[in-house]
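Numbering (the UniProt record's numbering), first residue to last: 1 to 151.
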């Protein structure tokens, strides 16, 4: 077991307490002061995990990878490398990966020929360029027709 030195204050605040409070907890529980400290830590942990989303925040702090101004959690290294490359080139990056380029509502607005052209492009940047170009060229009426044709 590891030991810890606990320093007490003469006053009680959010992050300070008195030795008398520890003694009171230990006496009430009928345990040693060491066990009372463990009890207090476990109670605080359970409270924070339930009310303050502590587990989620710790997961982001411990395992998240910050790239640019965004922290990513559980993304593969290839995705993170693409994000870094795009940031270096000044290319805007949505929060989704490249495999979403061929799905979603905007993709459904395009004709089958336009969708096939996007699918045929190998480079994700080229897929994005084509998708943006085709969306600009597609009128609202044509987009509605394309969605109906897909059904």
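Just so you know, even glycine gets a beta-carbon here, dropped at the ideal spot from N, CA and C.
On the DSSP bridge assignment, give the partners of residue 13 in chain order. DSSP output for residue 13 lists 16 as bridge partner(s).
Nearest residue (CA-CA) to residue 150, options 67, 106 and 24: Selected option, being the one with the closest Cα: 106.
Of the residues 109, 1, 128 and 132, which one's Cα is nearest the Cα of residue 140? Nearest option by C-alpha distance: 109.
Buried or exposed: where does residue 130 fall if 16 or more other Cβ atoms within 10 Å of its Cβ makes it buried? A buried status is given to residue 130, since no fewer than 16 other beta-carbon atoms sit within 10 Å of its beta-carbon.
What does DSSP give as the partner residue(s) for residue 39 in the beta ladder? According to DSSP, which records beta bridges pairwise, residue 39 is partnered with nothing at all.
Heavy atom of the ligand ADP within 7 Å of residue 3 beta-carbon: Questions concerning the ligand ADP fall outside what the structure shown contains, since it holds no ligand whatsoever.
Can you tell me the Cα-Cα spacing of residue 12 and residue 18, whole angstroms? Spanning the alpha carbons of residue 12 and residue 18 requires a straight line of approximately 6 Å.
If contact is defined by three or more beta carbon pairs under 8 Å, each pair taking one atom from either stretch, is the region 77-85 in contact with the region 109-119? In short, these stretches do not touch, since the Cβ pair count stays below three.
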